[in-house]
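J.:
4 protein chains.
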Amino acid sequence: MPIVVDKERKRAEILEAAMLVFASKGFHRAKMEEVAAAARIGKGTIYEYFTSKPQLLQALHGHMLGKLKDYYSEKLKGIEEPPEILGHFLAAALASFREWEPFFYVFCDVWAEAGRAEQQNLLRMQLREAYQSSIDDLTRVVEAGVAGGFFRCEQPRLAAEHILACVDGLALHWLYDPDAFDLEEMTGSLTRTVLRSLS
Amino acid sequence: MPIVVDKERKRAEILEAAMLVFASKGFHRAKMEEVAAAARIGKGTIYEYFTSKPQLLQALHGHMLGKLKDYYSEKLKGIEEPPEILGHFLAAALASFREWEPFFYVFCDVWAEAGRAEQQNLLRMQLREAYQSSIDDLTRVVEAGVAGGFFRCEQPRLAAEHILACVDGLALHWLYDPDAFDLEEMTGSLTRTVLRSLS
Amino acid sequence: MPIVVDKERKRAEILEAAMLVFASKGFHRAKMEEVAAAARIGKGTIYEYFTSKPQLLQALHGHMLGKLKDYYSEKLKGIEEPPEILGHFLAAALASFREWEPFFYVFCDVWAEAGRAEQQNLLRMQLREAYQSSIDDLTRVVEAGVAGGFFRCEQPRLAAEHILACVDGLALHWLYDPDAFDLEEMTGSLTRTVLRSLS
Amino acid sequence: MPIVVDKERKRAEILEAAMLVFASKGFHRAKMEEVAAAARIGKGTIYEYFTSKPQLLQALHGHMLGKLKDYYSEKLKGIEEPPEILGHFLAAALASFREWEPFFYVFCDVWAEAGRAEQQNLLRMQLREAYQSSIDDLTRVVEAGVAGGFFRCEQPRLAAEHILACVDGLALHWLYDPDAFDLEEMTGSLTRTVLRSLS
DNA sequence: GATGAATGAGAATTCATTCAT
DNA sequence: CATGAATGAATTCTCATTCAT
């Protein structure tokens with residue numbers, strides 16, 4: 002089914018274009034026309050793939066979540082021991098600040114958009130689910146670590162929350178002040194702190 | 002004889018109105034007219050106090066930072082021992098999620114706006130300075146704790162970063178999913194984790 | 002397949018509409034919406050062809066200069082003898098007061114707008130060039146008349162200035178007081194005076 | 002009645018301020034507040050002396066006409082012979098281009114404003130009367146010249162029209178292109194042409 | 001399916017004017 | 001009288017979206 006593949010590819014191209022444009026100009030300042038230009042298609046064509054600008058952002062968000070998931074899968078492939086998983090996760094997370102910087106700018110737009118509850122607010126639901134899912138994954142790692150005798154932790158889910166919150170908070174801080182701290186140094190420091198707090 | 006007006010008070014009233022309106026509708030969806038209505042003044046009057054909508058957001062951000070500072074001063078008044086300071090700080094921080102919820106919504110707008118560098122981008126600079134200042138304060142607490150024999154910590158500044166990042170990340174998560182965790186439980190858990198990581 | 006439009010024709014239609022609207026209400030009192038309505042298009046469409054209201058005026062000015070040029074070319078076609086050229090020119094000029102009355106109203110707006118130097122002030126430059134060009138043309142006629150033994154004139158350029166200034170001044174006066182003088186009578190009188198001053 | 006004198010003086014000060022502001026920014030771009038600032042009074046005070054912005058322009062126009070009249074009276078004082086009067090008038094007129102440059106900018110605004118007939122349009126009537134009056138004066142000079150045997154002229158009023166139109170046209174041209182011609186040279190040339198055309 | 005010309009709802013901002021002091 | 005804080009009508013310009021081709 003080559004036509005379907007083609008459609009899928011074009012959709013992805015639009016999303017990539019949207020990401021770059023939204024990241025550099027901000028969701029509200031970016032024009033659909035600019036996204037179209039970046040995707041090398043006509044303005045009207047976007048509407049063949051997405052119903053509206055907010056929906057495009059939501060789709061982009063979903064797309065980004067998927068790419069992040071792939072990124073982590075890749076980085077954590079074959080790693081078995083919970084402490085190691087955590088270490089690699091943190092390293093991957095902090096490394097992503099630089100590698101996926103545009104993502105984080107778009108995330109800020111998502112946060113700003115998802116904030117106010119509206120007609121269903123799919124964006125907010127999507128955000129929530131993504132968070133839940135991440136916490137779930139991380140909680141499982143911590144639990145596995147406890148089960149395997151690596152960690153000691155009475156409330157694994159709360160610990161997972163701490164870890165993820167820390168990563169998000171650092172991302173935000175780093176985004177607005179890349180000189181605030183050294184990413185490599187921070188990776189080491191954070192890993193040590195997290196592992197120590199679980200021992 | 003010209004009408005005498007407390008310009009400072011009126012300015013503050015507009016800022017309070019802007020905060021509520023921006024928080025509930027989002028910066029971009031909110032109209033200046035709505036802010037004016039909320040402040041019970043005419044549309045044009047806002048421009049006697051602020052030069053533009055973005056500048057109003059920036060001023061609001063500064064206003065909010067000031068109020069948060071006062072809030073923390075109040076909550077930490079008279080507390081001397083570093084571990085206690087940290088505990089009260091964390092309690093105050095998590096309590097502020099609920100108490101100052103509108104602030105956090107506006108912060109999301111600020112993050113989205115501050116992201117893209119424009120004419121100087123005062124917003125970004127203001128954000129950066131506020132962050133630096135918070136980190137400085139927290140670092141000093143950790144250092145005092147080390148000096149007083151309460152804590153052990155080789156890189157107080159990085160520890161301060163961890164703590165602040167964690168708070169911010171939790172705020173964000175809680176904002177979009179108030180059921181994600183119980184605030185009181187989290188306060189205890191976070192305090193324990195932080196204090197343990199410094200012992 | 003995109004809609005094919007004769008952009009040039011549409012542009013001209015907007016300019017014609019703008020001329021009528023500006024002429025009847027004045028540049029500053031006319032709304033873009035009125036121009037659009039007169040051109041039977043949507044408000045936003047004007048901005049597909051012109052970047053701003055002042056730019057529309059400038060474009061209109063250029064358009065009018067072109068039409069005036071065509072008008073004179075037409076009126077003077079095939080006339081060879083310098084005295085005859087001058088006579089026909091003056092007749093055409095005074096006749097244009099009535100025929101192109103809207104033009105002159107718009108010229109008043111142009112004069113008022115072009116006055117103050119701003120970002121380059123294309124309007125002023127355009128005005129200057131048009132004037133220069135007219136003076137050049139008229140000077141050449143006078144010179145040809147001198148060369149052909151029809152006229153005696155030591156400073157043809159200054160003479161050309163007199164003639165053109167006289168026409169413009171009369172236009173202005175007639176515009177605000179059509180009863181000030183009889184156009185036909187004035188045409189004869191002016192022609193006689195000009196020709197006598199060159200003999 | 003010192004109070005009345007004071008009122009009159011203040012009114013004149015506002016008019017002088019308005020002239021400078023209107024001349025430099027244009028009637029429509031100038032703000033009442035700027036006029037007030039230039040007159041060193043409060044914004045509201047203008048309305049104690051003038052009922053509206055258009056009325057201020059109209060009053061200013063009247064004020065300027067008066068000053069011009071005084072200027073010419075002064076320049077032509079004691080001159081009796083019609084040819085000399087004409088010569089001095091033309092010299093004064095062209096000299097005024099430089100000396101009273103702001104006047105001419107404001108005149109452009111007046112032309113643009115007076116153009117469209119509205120509720121009575123006092124401005125237009127004022128303009129017309131001023132023109133009539135000038136033509137009358139000039140006609141009388143020509144007639145006196147004819148009577149005195151200095152000139153030969155069958156239609157003195159039309160001749161007066163030519164002269165005045167020429168001056169106005171030159172003013173306009175010079176205003177937008179001060180390099181178009183040399184004022185002194187033009188004065189001589191114009192005087193010679195005018196006197197010759199009347200001989 | 002793709003396009004981009006056309007659209008008009010919508011919002012920020014301006015500024016002449018008013019009027020309480 | 002003079003003032004300048006307050007106002008809101010008015011207008012430009014933007015841009016997401018539509019739809020004829």
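Residue numbers (the numbering used here), protein chains in the order written: chain A, 2 to 200; chain B, 2 to 200; chain C, 2 to 200; chain D, 2 to 200. Glycine included, every Cβ here is placed at the ideal spot set by N, Cα and C.
1) Are the beta-carbon atoms of Pro-83 (chain A) and Gly-146 (chain A) separated by less than 7 Å?
2) Using 10 angstroms around the beta-carbon of Ser-134 (chain C), count the other beta-carbons present and answer buried if the total reaches 16, otherwise exposed.
3) Pull up the distance between the alpha-carbon of Gln-127 (chain D) and that of Gly-63 (chain D), whole angstroms please.
4) At the 7 Å Cβ level, is Tyr-1 (chain D) part of the contact set with chain C, yes or no?
5) Which of helix, strand or coil does DSSP assign to Ile-228 (chain C)?
6) By the criterion of Cβ-Cβ separation under 7 Å, what are the contact partners of Gln-156 (chain C) in chain D?
7) Hey, is the segment 74 to 82 of chain B in contact with the segment 71 to 88 of chain A, meaning 3+ C-beta pairs nearer than 8 Å?
8) Please report the straight-line C-alpha distance between Met-33 (chain A) and Gln-59 (chain A), rounded to a whole angstrom.
9) What are the residues of the segment 176 to 189 of chain B that lie near chain A, defined by any Cβ-Cβ distance shorter than 8 Å?
10) Are the segment 192 to 199 of chain B and the segment 15 to 26 of chain C touching, with three or more C-beta to C-beta distances below 8 Å?
11) Which residues of chain C have a Cβ atom closer than 7 Å to the Cβ of Leu-173 (chain D), listed in chain order?
12) Check the C-beta distance from Cys-167 (chain C) over to Cys-167 (chain D) and give it rounded, since I have them as a contact under 8 Å.
13) Cα separation between Ile-47 (chain C) and Lys-54 (chain C)?
14) Gly-63 (chain C) versus chain D: which residues are under 8 Å apart at the beta carbon?
15) Comparing the C-beta of Arg-129 (chain D) with each C-beta of chain C, is any distance below 7 Å?
16) Find out if the Cβ-Cβ distance for the pair Ala-19 (chain A), Leu-66 (chain A) is shorter than 7 Å.
17) Interface residues of chain D around Lys-26 (chain C) at Cβ under 9 Å?
18) Does the Cβ of Ser-74 (chain B) have 16 or more other Cβ atoms within 10 Å, making it buried, or fewer, making it exposed?
19) State whether the segment 157 to 172 of chain C contacts the segment 107 to 119 of chain D, with contact taken as three or more CB pairs (one from each stretch) at a distance under 8 Å.
20) Measuring CA to CA, which of D:Tyr-132, D:Trp-175, D:Tyr-50 and D:Glu-35 is closest to Asp-7 (chain D)?
21) Which residues bound the alpha helix (DSSP H) around Cys-109 (chain A)?
22) So, using beta-carbon positions, are Ala-92 (chain A) and Thr-188 (chain A) closer together than 7 Å?
23) At least one CB of chain A closer than 7 Å to the CB of Arg-141 (chain B): is that the case?
24) Looking at chain D, is there any beta carbon in it that lies within less than 7 Å of the beta carbon of Ala-166 (chain C)?
25) What are the boundary residues of the alpha helix (DSSP H) that Cys-167 (chain B) is part of?
26) Within its chain, find whatever has a CB closer than 7 Å to the CB of Ala-24 (chain B); leave out the 5 residues flanking it on each side and keep chain order.
27) Below 7 Å between beta carbons: does that hold for Leu-184 (chain D) and Leu-95 (chain D)?
28) Measure the alpha-carbon distance for Arg-141 (chain A) versus Gln-156 (chain A) and round it to whole angstroms.
29) Quick check on Glu-82 (chain D): does DSSP put it in helix, strand or coil?
30) By DSSP, does Met-2 (chain A) sit in helix, in strand, or in coil?
31) For Ala-39 (chain B) and Leu-124 (chain B), I'd like the C-alpha separation in whole angstroms.
32) So what does DSSP say about Leu-87 (chain B), is it helix, strand or coil?
33) Just the chain C side, please: which residues come within less than 7 Å of Arg-197 (chain D) by C-beta, in chain order?
34) Taking the alpha carbon of Ala-131 (chain C) as the point to measure from, which residue in C:Asp-178, C:Leu-165, C:Glu-9 and C:Pro-179 has its own alpha carbon closest?
T.: The short version:
1) Position 82 of the first sequence holds residue 83 (chain A). Position 145 of the first sequence holds residue 146 (chain A). The answer is yes: Cβ separation under 7 Å.
2) As a first step, residue 134 (chain C) must be located in the third sequence, where it is residue number 133. That one is exposed.
3) Counting from 1 along the fourth sequence, the entry for residue 127 (chain D) is found at position 126. Counting from 1 along the fourth sequence, the entry for residue 63 (chain D) is found at position 62. So the alpha carbons of these two residues sit roughly 7 Å apart.
4) With chain D running from 2 to 200 in the structure shown, residue 1 (chain D) is simply not present.
5) The structure shown does not extend to residue 228 (chain C), since chain C is modelled only from 2 to 200, so the question has no answer here.
6) Within the third sequence, numbered from 1, the residue matching residue 156 (chain C) stands at position 155. Within 7 Å Cβ-Cβ: Ser-190.
7) no
8) Within the first sequence, residue 33 (chain A) is the residue found at index 32, counting from 1. Within the first sequence, residue 59 (chain A) is the residue found at index 58, counting from 1. Distance between the alpha carbons of Met-33 (chain A) and Gln-59 (chain A) is about 14 Å.
9) Leu-176, Tyr-177, Asp-178, Ala-181, Phe-182, Glu-186 and Met-187
10) no
11) Translated into positions along the fourth sequence, residue 173 (chain D) becomes position 172. Chain C residues near Leu-173 (chain D): Trp-112 and Asp-169.
12) On the third sequence, residue 167 (chain C) is found 166 positions in, with the first residue counted as 1. On the fourth sequence, residue 167 (chain D) is found 166 positions in, with the first residue counted as 1. At roughly 5 Å, the Cβ-Cβ gap stays under 8 Å, so Cys-167 (chain C) and Cys-167 (chain D) are in contact.
13) Here residue 47 (chain C) refers to the residue found at position 46 of the third sequence. Here residue 54 (chain C) refers to the residue found at position 53 of the third sequence. Roughly 9 Å between the two C-alpha positions.
14) Counted from its first residue, the third sequence places residue 63 (chain C) at position 62. By Cβ distance, chain D contributes nothing, its closest Cβ being about 15 Å from Gly-63 (chain C), past 8 Å.
15) Along the fourth sequence, read from residue 1 onward, the residue named residue 129 (chain D) stands at position 128. Yes - at least one Cβ of chain C is within 7 Å of the one on Arg-129 (chain D).
16) Residue mapping note: residue 19 (chain A) aligns to position 18 of the first sequence, counting from 1. Residue mapping note: residue 66 (chain A) aligns to position 65 of the first sequence, counting from 1. For Ala-19 (chain A) and Leu-66 (chain A), no; Cβs fall outside 7 Å.
17) Residue numbering aside, residue 26 (chain C) sits at position 25 when the third sequence is read from its first letter. Within chain D, the residues near Lys-26 (chain C) are Arg-117.
18) The residue you call residue 74 (chain B) lines up with position 73 of the second sequence. Exposed, because fewer than 16 other Cβ atoms sit within 10 Å of the Cβ of Ser-74 (chain B).
19) Counting Cβ pairs under 8 Å, fewer than three are found: no touch.
20) Sequence index remark: in the fourth sequence, residue 7 (chain D) carries index 6 (1-based). It is D:Tyr-50.
21) If you number the first sequence from 1, residue 109 (chain A) lands on position 108. Annotation for Cys-109 (chain A): the continuous alpha helix (DSSP H) segment containing it runs 102 to 115.
22) Mapped onto the first sequence, residue 92 (chain A) falls at position 91. Mapped onto the first sequence, residue 188 (chain A) falls at position 187. Yes, Cβ-Cβ distance for Ala-92 (chain A) and Thr-188 (chain A) is below 7 Å.
23) Locating residue 141 (chain B) in the second sequence gives position 140, where the first residue counts as 1. No, Arg-141 (chain B) lies away from the interface with chain A (no Cβ there is under 7 Å from its Cβ).
24) Here residue 166 (chain C) refers to the residue found at position 165 when the third sequence is read from its first residue. Yes, its Cβ sits closer than 7 Å to a Cβ of chain D.
25) Position 166 of the second sequence, counting from 1, holds the residue named residue 167 (chain B). Residues 157 to 177.
26) Working through the second sequence from its first residue, we reach residue 24 (chain B) at position 23. Only Pro-103, Tyr-106 and Val-107 meet the Cβ criterion.
27) On the fourth sequence, position 183 is the one that residue 184 (chain D) refers to. On the fourth sequence, position 94 is the one that residue 95 (chain D) refers to. Contact flag set, yes.
28) Your numbering for residue 141 (chain A) matches position 140 in the first sequence. Your numbering for residue 156 (chain A) matches position 155 in the first sequence. Each residue's Cα considered, the two are about 12 Å apart.
29) Counting from 1 along the fourth sequence, the entry for residue 82 (chain D) is found at position 81. Note: Glu-82 (chain D) maps to coil in three-state DSSP.
30) Sequence index remark: in the first sequence, residue 2 (chain A) carries index 1 (1-based). Unreliable positioning characterises Met-2 (chain A) in this predicted model, as indicated by a pLDDT of 49, which lies under 50. A coordinate reading is not provided.
31) Here residue 39 (chain B) refers to the residue found at position 38 of the second sequence. Here residue 124 (chain B) refers to the residue found at position 123 of the second sequence. The alpha-carbon of Ala-39 (chain B) is positioned some 24 Å away from that of Leu-124 (chain B).
32) If you number the second sequence from 1, residue 87 (chain B) lands on position 86. The three-state reading of DSSP puts Leu-87 (chain B) in helix, counting H, G and I together.
33) Along the fourth sequence, read from residue 1 onward, the residue named residue 197 (chain D) stands at position 196. By Cβ distance, chain C contributes Ser-198.
34) Sequence index remark: in the third sequence, residue 131 (chain C) carries index 130 (1-based). Nearest option by C-alpha distance: C:Leu-165.
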